[in-house]
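Undergrad:
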Amino acid sequence: MIIKVITSNPGKVKEYKEALSSFGIDIEHLRIPYDEIQTSELTEVVRNGMDQIKAKGVTDFIIDDSGIFIDALNGFPGVFSAYVQKTIGNRGILVLMNNEDNRKANFQCCIGCNLKGKDIIVLGRCDGSVLENEKGNEGFGYDPIFSHDGKRSLAEIPMKEKNMISHRGNAVKLLMNEIKKII
Ligand code: ITT
């Protein structure tokens with residue numbers, strides 16, 4: 410089975426390729442632009458994005474909207490994570506977190522999957538913390554400043570290991586439970 414992964418983010422493509430191959434699913438990467446509506450819910454962004462893509466006649470695909478939610482910043486940047494990464498980046502987040510004792514944060518990944526005429530939406534989560542400094546060269550985006558175990562950043566662990574514990578890896582597990590019901 411082949412599923413189209415629609416994203417502008419090459420880091421996500423690599424992770425889906427690895428995570429889905431263990432379930433015998435191949436991916437085809439497509440870049441199809443769609444608007445991300447302004448809302449506080451990742452699931453709403455995904456639901457609306459799926460409708461836009463289906464309206465173009467595309468089927469059997471995955472889209473993914475993810476974000477980091479930092480407790481001390483009342484969940485910021487959350488759904489604005491892409492914009493914040495592009496503007497102030499990881500360094501800017503570390504500045505906002507300067508002298509902050511509560512480093513708790515969670516990463517969330519919402520996958521919208523259209524398969525065999527059905528829509529599936531799942532939300533995976535990874536709890537952890539914002540590190541004091543950027544660490545590691547693996548991964549992408551916020552990986553150098555987010556840690557799931559309080560020690561290593563997600564950019565310091567191999568992708569296979571990241572997929573075992575990450576928001577995206579957890580979302581893929583939930584997705585596969587649903588896919589098994591329809592194939
Ligand atoms: P698409 O919407 O085209 O898929 P994007 O990079 O804009 O790509 P998101 O809006 O989902 O994707 O991502 C929000 C931000 O969070 C963006 O800066 C990503 O690089 C970052 N991000 C997403 N998943 C991540 C992960 O697993 N680890 C670290 N950063 C991540």
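In terms of the numbering used here, the sequence shown is residues 410 to 592.
Glycine residues also receive a C-beta, built at the ideal position from the N, C-alpha and C atoms.
Could you tell me whether the stretch 415 to 430 touches the stretch 547 to 558, where touching means 3 or more Cβ pairs closer than 8 angstroms?
TA: Yes, since at least three Cβ pairs between the stretch 415 to 430 and the stretch 547 to 558 fall closer than 8 angstroms, the two stretches touch.
Undergrad: Which partner residues of P438 appear in the DSSP bridge assignment?
TA: Indexing the sequence shown from 1 puts residue 438 at position 29. Note that residue 438 is His in the sequence shown here, rather than Pro. In the DSSP output, where bridge partners are listed per residue, H438 has V414.
Undergrad: Straight-line CA distance for G521 to V488?
TA: Translated into the one-based positions of the sequence shown, residue 521 becomes position 112. Translated into the one-based positions of the sequence shown, residue 488 becomes position 79. Roughly 15 angstroms between the two C-alpha positions.
Undergrad: So what does DSSP say about S392, is it helix, strand or coil?
TA: The chain is shown from 410 up to 592; residue 392 falls before or after that span and cannot be answered.
Undergrad: Would you mind reading off the limits of the beta strand (DSSP E) that contains G533?
TA: Along the sequence shown, read from residue 1 onward, the residue named residue 533 stands at position 124. G533 -> beta strand (DSSP E) spans K527 to V539.
Undergrad: Please classify K590: does DSSP put it in a helix, a strand, or coil?
TA: If you number the sequence shown from 1, residue 590 lands on position 181. K590 falls in the helix class under three-state DSSP.
Undergrad: Taking the alpha-carbon positions, what's the K513 to K495 distance?
TA: Within the sequence shown, numbered from 1, the residue matching residue 513 stands at position 104. Within the sequence shown, numbered from 1, the residue matching residue 495 stands at position 86. Taking the straight line joining both Cα atoms gives about 22 angstroms.
Undergrad: When you get a sec, list the residues whose CB is within less than 5 angstroms of any heavy atom of the ligand ITT, chain order please.
TA: Matched residues: T416, S417, N418, D474, S475, S490, A491, Q494, G550, Y551 and D552.
Undergrad: In the structure shown, what three-state DSSP assignment does G476 receive?
TA: To locate residue 476, count along the sequence shown from 1; it is residue 67. In this structure, G476 counts as strand in the three-state DSSP scheme.
Undergrad: By the DSSP assignment, the alpha helix (DSSP H) with Q494 in it spans what residues?
TA: Taking the first residue of the sequence shown as position 1, residue 494 is located at position 85. Looking at the DSSP string, the run of the alpha helix (DSSP H) that includes Q494 is S490 to T496.
Undergrad: To the nearest angstrom, how far is the alpha carbon of S604 from that of I497?
TA: This structure leaves residue 604 out entirely; the chain is present only between 410 and 592.
Undergrad: Going by C-alpha distance, which of H557, D474 and L583 is nearest K571?
TA: Translated into positions along the sequence shown, residue 571 becomes position 162. Nearest of H557, D474 and L583 to K571, Cα basis: H557.
Undergrad: Within this structure, are the beta carbons of C518 and A564 separated by less than 7 angstroms?
TA: Here the question's residue 518 lines up with position 109 in the sequence shown. Here the question's residue 564 lines up with position 155 in the sequence shown. The answer is no: Cβ separation not under 7 angstroms.
Undergrad: By the DSSP assignment, the beta strand (DSSP E) with N515 in it spans what residues?
TA: Here residue 515 corresponds to residue number 106 of the sequence shown, with the count starting at 1. First-last of the beta strand (DSSP E) with N515: K513 to L524.
Undergrad: Which whole-angstrom value describes the C-beta separation of L524 and I591, a residue pair presumed to lie in contact below a C-beta threshold of 8 angstroms?
TA: Your numbering for residue 524 matches position 115 in the sequence shown. Your numbering for residue 591 matches position 182 in the sequence shown. Contact holds; Cβ gap of about 7 angstroms.
Undergrad: For Y607, count neighbouring C-beta atoms within 10 Å of its own C-beta (all shown protein chains included) and say buried if the count is 16 or more, exposed if not.
TA: Examination of residue 607 is not possible in this model, given that the chain is present from 410 through 592 alone.
Undergrad: Given L593, which residues of its chain have a CB within under 6 angstroms of its CB, disregarding the five upstream and five downstream residues?
TA: An answer regarding residue 593 cannot be provided, because it is not within the stretch 410 to 592 covered by the chain.
Undergrad: Return the chain-ordered list of same chain residues with a C-beta closer than 6 angstroms to the C-beta of S475, the five sequence neighbours on each side being excluded.
TA: Taking the sequence shown and counting its residues from 1, the one referred to as residue 475 is at position 66. Correct list, in chain order: C518.
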